[in-house]
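4 protein chains.
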Amino acid sequence: MKRVAVLTSGGDAPGMNAAIRAVVRTAIYHHLEAVGVMRGFEGLIDGDFVPLNRASVGGIIHRGGTILKTARSERFKTEAGLDRALFQLKNAAIDGLVIIGGDGSFRGGQKLYEKGVSVIGVPGTIDNDVAGTDETIGFDTAVNTALEAVKKLRDTASSHDRLFIVEVMGREAGFIALEVAVASGAEYLVVPELPFSLGRLCDKLHDTRARGKTHSLIIVAEGAMSAATLRSELKDTAGYDARVTVLGYIQRGGSPTSFDAILASRMGAFAVESLLDGKKGMMVGTVAHQMSLCSLSDSWQVNKILSPEKLELVEKLSI
Amino acid sequence: MKRVAVLTSGGDAPGMNAAIRAVVRTAIYHHLEAVGVMRGFEGLIDGDFVPLNRASVGGIIHRGGTILKTARSERFKTEAGLDRALFQLKNAAIDGLVIIGGDGSFRGGQKLYEKGVSVIGVPGTIDNDVAGTDETIGFDTAVNTALEAVKKLRDTASSHDRLFIVEVMGREAGFIALEVAVASGAEYLVVPELPFSLGRLCDKLHDTRARGKTHSLIIVAEGAMSAATLRSELKDTAGYDARVTVLGYIQRGGSPTSFDAILASRMGAFAVESLLDGKKGMMVGTVAHQMSLCSLSDSWQVNKILSPEKLELVEKLSI
Amino acid sequence: MKRVAVLTSGGDAPGMNAAIRAVVRTAIYHHLEAVGVMRGFEGLIDGDFVPLNRASVGGIIHRGGTILKTARSERFKTEAGLDRALFQLKNAAIDGLVIIGGDGSFRGGQKLYEKGVSVIGVPGTIDNDVAGTDETIGFDTAVNTALEAVKKLRDTASSHDRLFIVEVMGREAGFIALEVAVASGAEYLVVPELPFSLGRLCDKLHDTRARGKTHSLIIVAEGAMSAATLRSELKDTAGYDARVTVLGYIQRGGSPTSFDAILASRMGAFAVESLLDGKKGMMVGTVAHQMSLCSLSDSWQVNKILSPEKLELVEKLSI
Amino acid sequence: MKRVAVLTSGGDAPGMNAAIRAVVRTAIYHHLEAVGVMRGFEGLIDGDFVPLNRASVGGIIHRGGTILKTARSERFKTEAGLDRALFQLKNAAIDGLVIIGGDGSFRGGQKLYEKGVSVIGVPGTIDNDVAGTDETIGFDTAVNTALEAVKKLRDTASSHDRLFIVEVMGREAGFIALEVAVASGAEYLVVPELPFSLGRLCDKLHDTRARGKTHSLIIVAEGAMSAATLRSELKDTAGYDARVTVLGYIQRGGSPTSFDAILASRMGAFAVESLLDGKKGMMVGTVAHQMSLCSLSDSWQVNKILSPEKLELVEKLSI
């Protein structure tokens, strides 16, 4: 192995740059050349490669976003696109490819792997909806960003004795919502993994008021329903007048937390060393704090569940 | 003068608690009693008063929201409500009333003043849309909160080469939007004070792309139009595919910046000392950094304009 | 079991309030009474108890420090002090005691346990130097606070082409230092767990300059040596002119991160439920993300080591 | 005028990059060429110039430090150094020079101006100790950074019932200390502008305890005395056992606040337009929010005083 390439794909996540830095520095540490692929699979098809050295990744560990940029690629889903990408990799004499992204990106990586490319995946997405790893890069930062926002909303909710509904990201999963709900002491949580009962919510809100709580906070995962929908239902059914905030893209940006900077560094380094060990078609992950590997396809085929313990905590502690 | 009351009214703003603390501590410093009125004019009508001492306001200087809570009061707009409030003030032997809020709150204060109550207003609103003062309490914090959010959005905008539209608060005014636009280096600004031209915006976006900028940021004040509307217009007219974020209530919460904590402290102290000086029916303000007084009605009758210098800067520096 | 008491002891840590809230709310959830002991073992000896209900712990989840206050107690180390504490517990009909603190606090707890008190420990210290648990409450926040500070120092180090030495907390352990070093991309790390070689440091600094890096960052754990000492040695031996920053007590304060708020919530709840399960003389912990129990004495008798993987990362990624 | 150069000198300050961006973009807006001088007067002597275009300053508005780096220059204080700098400016056909820094940098600028160079100064220093302007670039950010740190210390001070002494920056002036003291609600302030009385401090601490305050905070400006000295004096004279924190260099770094980003943008733009207006040997400033100009020498010859109103507030509000 002489030359390793790295790309970022799918939605950006805080810590992607730290992962890129780790890939490049670890490659150089092991006397490999490092190459960056711009704009994910789009740049792979176009052969949009940049050489990366020690200094190219200096000062980026704390920066949000990705210096390699990212994009969704329709072309890569075609046979022609895949062939072109394979040609570019061969043409640039790239021996190993590190893909930083989510499960969608790993499906793309799987196709390359099946054509013989030594692919290693690094789970980078704020949503944490990738199986085979306890944590994904960017998740901790996104949760903290959302928590900071919710803390500000509490000020207003408390001052005005109001009910607030906060919609957080997470795609089809409730990981962000669950963490934010526990960490913020939210009164109610709506996630796609659990059936939603408007009746139960109304009962809880009623009880809460009865116990003297003058304001309440509902965290709703975007994958379950929109905050606006929930607001309408609460209004129409029980007359509650809730305020709505959709946190949106701010959850995707910002400087990574220490956890994410470290996770990204560990995963980036481990990805390169796994390639050196002859591993391919696999995704790096952390299981019980230890670095691990699973097959790329596990990332989307295995079911990753919400912690029942934390789900219960929302109930118990918001009394 | 023996007993001074303080209330917060209208939307909450960071620094309101620092202002309450300053009112109470300054009152005590001058051997006055201090009384807090809960929930603004609602609590005034209900006689919902709490004695406040030195310790009641300990540790609140940094807290967002208002410990006295705030509310909008329909009852206070009636003759009966006003009479009841006057009765409660007399009944509690309150000699002076400090109202922390925006121009709507000062309209209420004016009514009390016209009935003989010694009212002093303290401008507390994130919107800065109160004439007679250069700055209102909470404005600097709200702008910084919005700026932090926009910085996170830049990460994603830049990583995905995207166009982002960010809607900020400000009611009918563009003060928050203008500060955020200059501070964030936004490419375009839409405020209610200036006519909006979709054609000019499209030209600018086109030029920006032509000069090699791959992502752009538009700041739109809620008083001008919604971000969603602007997005649709851009899509329909010129095919631009923009992402939208509505920052919403997070701009109202959080711990005050040093500027707001100091401004609130100065204004709260000056309000009490103005009462001691026999002033009434007036609002405290800062003009060219100095404490000042104007009549309460100036706060909504005088026109407060956006800085032409800063408006120009958005144009010049976003090239 | 009818009445559970909770106290905080040793140095304060972010998340202690979230743990107190969880203890109280979980107790109430299980129909127990909750009592707070003020100022750690000092308050225990003095019988300084306060009843805690649902509302007593409202709004504290995000607050730094501890509402129960904390203190070091010399009296508790005496036989008389211990007897007095036992009397107070009996007198107040307290059936279970949750102690939130570090290993010093658990030594105190062990004495009470040996006299028959149902004690459960909750590891709350920023230093993470408590065995039997992967994480302690406050550690993640302290590391993030230190990281934020180091990021600011990087700005100046880079602008002035300077060498900075940053001293972080951690008592006799290097856990904070190691996390900060990896997360900040520091060039060098000095921890008490590893022998320090001035010669190797100078070689590394020399190599770093030779490779064109104009500024460097050294993280030193307070348990290894003081930053001032290291500065002098570098100056005297090799003529390096380093700037020094001792982060100090800011690492102990602030609002808990989401991780710490959640960890504290889980641990506080699990502590109460362990008491209900008849457990005593034990400490709650997290091992591989799962709630666990170990004997109180494990917390100071078992050796907790730094991650070799992370130590290596500092070397590899700072090239 | 065809070509404008910009340099940063003295200690770095948050917002310097925003000022560089504004200089460059405004120059381009007016069809001038822009040149960056590396490492302040050192780079001027060495002719270390870099062309700057629109894109060179993209994405730097929020970055701490200075992309042009800064240094102290002994050589520039010599006749030979000055001559060499003049030669380099002429050789590079530079028509105007913008110097971003403090009064020390402006003394250097004055020498160039006296030799015929069109120099305009932009006050960039966290210390705010530059006359002729109400605010300097970086001051607001430094104050907010210090405030954030002090808020964290409050948590520990309050939890342990302790006395804390916090030493803040400011060189020979107390501007940072005064703002931080008011904004944090500190109990006592020590600044070089006012005589310090240990007796009065002890009386105040005694009174504070007597009134039931269990913790206190003293802010001391580095220009008045060191926190360690104050601690010793308090210990020796009155037996107080205070904890000490020296905030140090963290006050110089970080992303600029909105105020500083805007101030820097305004000043940078105004500096270039002043050069176009034929102004030289002057410093731009803000007086009562308006852009203004004064002679460079005013910056160090005029006395800039602390606000008596704010000094009084520390007394009144910390009761």
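The listed protein sequences correspond, in order, to chains A, B, C and D. Okay, so the first sequence: first residue is 1 according to full-length UniProt numbering, each after it adds one. Okay, so the second sequence: first residue is 1 according to full-length UniProt numbering, each after it adds one. Okay, so the third sequence: first residue is 1 according to full-length UniProt numbering, each after it adds one. Okay, so the fourth sequence: first residue is 1 according to full-length UniProt numbering, each after it adds one. From the three backbone atoms N, C-alpha and C, an ideal C-beta is built for every residue, glycine too.
Cβ shell of residue 69 (chain D) (< 7 angstroms), same chain only, five flanking positions each side left out: In the fourth sequence, counting from the first residue as 1, residue 69 (chain D) sits at position 69. Excluding residues within five positions, the ones whose Cβ falls inside 7 angstroms are 38 and 39.
Assuming residue 192 (chain B) contacts residue 173 (chain B) under a Cβ cut-off of 8 angstroms, what Cβ separation, rounded to an integer in Å, is found between them? On the second sequence, position 192 is the one that residue 192 (chain B) refers to. On the second sequence, position 173 is the one that residue 173 (chain B) refers to. Right, their Cβ atoms sit about 7 angstroms apart.
Since residue 308 (chain D) is in the alpha helix (DSSP H), which residue starts that stretch and which ends it? For this step, residue 308 (chain D) is matched to residue 308 along the fourth sequence. Where residue 308 (chain D) is concerned, the enclosing alpha helix (DSSP H) stretches over 308-317.
Members of the region 256-282 of chain C near chain A, C-beta cut-off 9 angstroms: Within the region 256-282 of chain C, the qualifying residues are 256, 257, 258, 259, 260, 261, 262, 265, 266, 268, 269 and 270.
Determine the DSSP secondary structure at residue 267 (chain B), reduced to helix, strand or coil. By 1-based counting over the second sequence, the position of residue 267 (chain B) is 267. For residue 267 (chain B), the secondary structure class from DSSP, reduced to helix, strand or coil, is helix.
C-beta neighbour in chain B for residue 245 (chain A), strict 8 angstroms: On the first sequence, residue 245 (chain A) is found 245 positions in, with the first residue counted as 1. With 8 angstroms as the cut-off, residue 245 (chain A) counts as an interface residue toward chain B.
Name, going along the chain, the residues of the region 137-171 of chain D whose beta-carbon falls closer than 8 angstroms to a beta-carbon of chain C. Result list: 145, 149, 151, 152, 153, 154, 155, 156, 158, 159, 160, 161 and 164.
Could you tell me if the beta carbon of residue 175 (chain C) falls within a distance shorter than 7 angstroms of some heavy atom in the ligand ADP? Ligands in the displayed structure: none, and consequently the ligand ADP is not present.
Who pairs with residue 123 (chain C) in a beta bridge, going by DSSP? For this step, residue 123 (chain C) is matched to residue 123 along the third sequence. Looking at the DSSP assignment, residue 123 (chain C) forms a beta bridge with C:101.
Give the DSSP-derived three-state secondary structure of residue 262 (chain B) in the structure shown. Taking the second sequence and counting its residues from 1, the one referred to as residue 262 (chain B) is at position 262. Looking at residue 262 (chain B) - three-state DSSP - the assignment turns out to be helix.
Leaving aside the five residues before and after residue 86 (chain D) along the sequence, list all residues of the same chain whose C-beta is less than 6 angstroms from its C-beta, in chain order. Counted from its first residue, the fourth sequence places residue 86 (chain D) at position 86. Result list for residue 86 (chain D): 115, in chain order.
For the region 253-266 of chain D against the region 306-317 of chain B, are there 3 or more C-beta pairs whose distance is under 8 angstroms? With a cut-off of 8 angstroms, the region 306-317 of chain B and the region 253-266 of chain D count as touching, because enough Cβ pairs lie within range.
Should the region 116-136 of chain C be called in touch with the region 39-57 of chain C, which here means at least 3 C-beta pairs below 8 angstroms? When C-beta atoms of the region 116-136 of chain C are compared with those of the region 39-57 of chain C, fewer than three pairs fall below 8 angstroms, so the two segments do not count as touching.
Segment contact flag, the region 239-249 of chain A with the region 145-157 of chain A, C-beta cutoff 8 angstroms, min 3 pairs: Segment contact: the region 239-249 of chain A against the region 145-157 of chain A, three or more CB-CB distances shorter than 8 angstroms; contact assigned.
Just the chain B side, please: which residues come within less than 8 angstroms of residue 26 (chain D) by C-beta, in chain order? Position 26 of the fourth sequence, counted from the start, is the residue given in the question as residue 26 (chain D). Residues of chain B passing the Cβ test: 316 and 317.
On a Cα-Cα basis, can you pick out the residue from B:183, B:228, B:112 and B:239 that is closest to residue 257 (chain D)? Residue mapping note: residue 257 (chain D) aligns to position 257 of the fourth sequence, counting from 1. The residue among B:183, B:228, B:112 and B:239 with its C-alpha nearest the C-alpha of residue 257 (chain D) is B:183.
Return the Cβ separation of residue 215 (chain A) and residue 163 (chain A) in integer angstroms, given the expectation that the two are a contact with Cβ distance under 8 angstroms. For the purposes of this step, residue 215 (chain A) is taken as residue 215 along the first sequence, with counting starting at 1. For the purposes of this step, residue 163 (chain A) is taken as residue 163 along the first sequence, with counting starting at 1. The C-beta separation of residue 215 (chain A) from residue 163 (chain A) comes to about 7 angstroms, placing the pair in contact by the 8 angstroms criterion.
Quick test of the definition: if touching needs 3 or more C-beta pairs under 8 angstroms, does the region 119-139 of chain D touch the region 217-234 of chain C? The region 119-139 of chain D is not in contact with the region 217-234 of chain C.
Under 9 angstroms Cβ-Cβ, which residues of chain B neighbour residue 36 (chain A)? The sequence position of residue 36 (chain A) within the first sequence is 36, counting from 1. The contacting residues do not exist; residue 36 (chain A) stays about 13 angstroms from chain B at best.
Tell me the rounded alpha-carbon separation between residue 110 (chain A) and residue 21 (chain A). In the first sequence, the residue the question calls residue 110 (chain A) occupies position 110. In the first sequence, the residue the question calls residue 21 (chain A) occupies position 21. Straight-line Cα distance between these residues: approximately 24 angstroms.
I need the straight-line Cα distance from residue 227 (chain C) to residue 156 (chain C), nearest angstrom please. Locating residue 227 (chain C) in the third sequence gives position 227, counting from the first residue. Locating residue 156 (chain C) in the third sequence gives position 156, counting from the first residue. Here the alpha carbon of residue 227 (chain C) sits roughly 18 angstroms from the alpha carbon of residue 156 (chain C).
Using a Cβ-Cβ cut-off of 8 angstroms, state whether residue 188 (chain A) counts as contacting chain B. The residue given as residue 188 (chain A) occupies position 188 in the first sequence. Interface annotation, residue 188 (chain A): not in contact with chain B, CB-CB separation never under 8 angstroms.
Secondary structure of residue 137 (chain B), DSSP reduced to three states: For the purposes of this step, residue 137 (chain B) is identified with residue 137 of the second sequence, where counting begins at 1. If DSSP states are grouped into helix, strand and coil, residue 137 (chain B) belongs with the strands.
From this set, C:62, C:298, C:16 and C:209, which residue's C-alpha is nearest residue 282 (chain C)'s C-alpha? The residue labelled residue 282 (chain C) in the question sits at position 282 within the third sequence. Of C:62, C:298, C:16 and C:209, the residue nearest in Cα terms is C:298.
The beta strand (DSSP E) spanning residue 167 (chain C) covers which residue range? Against the third sequence, residue 167 (chain C) aligns to sequence position 167. Residue 167 (chain C) -> beta strand (DSSP E) spans 163-168.
What residues in the region 110-141 of chain D bring their beta carbon closer than 7 angstroms to a beta carbon of chain B? When CB distances to chain B are screened at a threshold of 7 angstroms, the residues of the region 110-141 of chain D falling below it are 134 and 140, in chain order.
So, under 8 angstroms CB-CB, residue 302 (chain B) and residue 132 (chain B) are touching, yes? Tell me the CB distance rounded to an integer number of Å. The residue given as residue 302 (chain B) occupies position 302 in the second sequence. The residue given as residue 132 (chain B) occupies position 132 in the second sequence. Right, their Cβ atoms sit about 6 angstroms apart.
What is the DSSP secondary structure of residue 201 (chain D), counted as helix, strand or coil? For the purposes of this step, residue 201 (chain D) is taken as the residue at position 201 of the fourth sequence. In the structure shown, the three-state DSSP call for residue 201 (chain D) is helix.
Assigned exposure category for residue 200 (chain C) - 16 Cβ within 10 Å defines buried: As a working mapping, residue 200 (chain C) is identified with position 200 in the third sequence. The residue in question, residue 200 (chain C), is exposed, as its Cβ has fewer than 16 Cβ neighbours within 10 Å.
Starting from the beta carbon of residue 69 (chain D), find every residue of chain C whose beta carbon is closer than 9 angstroms, and list them in chain order. Numbered from 1 along the fourth sequence, position 69 holds the residue referred to as residue 69 (chain D). 158, 159, 160, 161 and 214, listed in chain order.
Identify whether residue 331 (chain D) lies in helix, strand or coil by the three-state DSSP scheme. Not covered by the structure: residue 331 (chain D). The range shown for chain D is 1 to 319.
Go to residue 40 (chain C), then tell me how far its alpha helix (DSSP H) extends in each direction, as first and last residue. Here residue 40 (chain C) is taken as the residue at index 40 of the third sequence, counted from 1. Counting along the chain, residue 40 (chain C) sits inside the alpha helix (DSSP H) bounded by residues 40-46.
Compare the Cα-Cα distances from residue 11 (chain B) to each of B:3, B:33 and B:72 and report the closest residue. For this step, residue 11 (chain B) is matched to residue 11 along the second sequence. The shortest Cα separation from residue 11 (chain B) among B:3, B:33 and B:72 belongs to B:72.
Taking the C-alpha atoms as reference points, what is the distance between residue 243 (chain B) and residue 165 (chain B)? Within the second sequence, numbered from 1, the residue matching residue 243 (chain B) stands at position 243. Within the second sequence, numbered from 1, the residue matching residue 165 (chain B) stands at position 165. Cα to Cα, residue 243 (chain B) sits roughly 6 angstroms from residue 165 (chain B).
Whole angstroms are fine: how far does the CA of residue 4 (chain B) sit from the CA of residue 203 (chain B)? Here residue 203 (chain B) is taken as the residue at index 203 of the second sequence, counted from 1. Here residue 4 (chain B) is taken as the residue at index 4 of the second sequence, counted from 1. Distance between residue 203 (chain B) and residue 4 (chain B), taken at the CA atoms: about 57 angstroms.
If the cut is a Cβ gap below 7 angstroms, which residues of chain A does residue 185 (chain C) touch? Looking up residue 185 (chain C) in the third sequence gives position 185. Residues of chain A with a Cβ closer than 7 angstroms to the Cβ of residue 185 (chain C) are, in chain order, 61.
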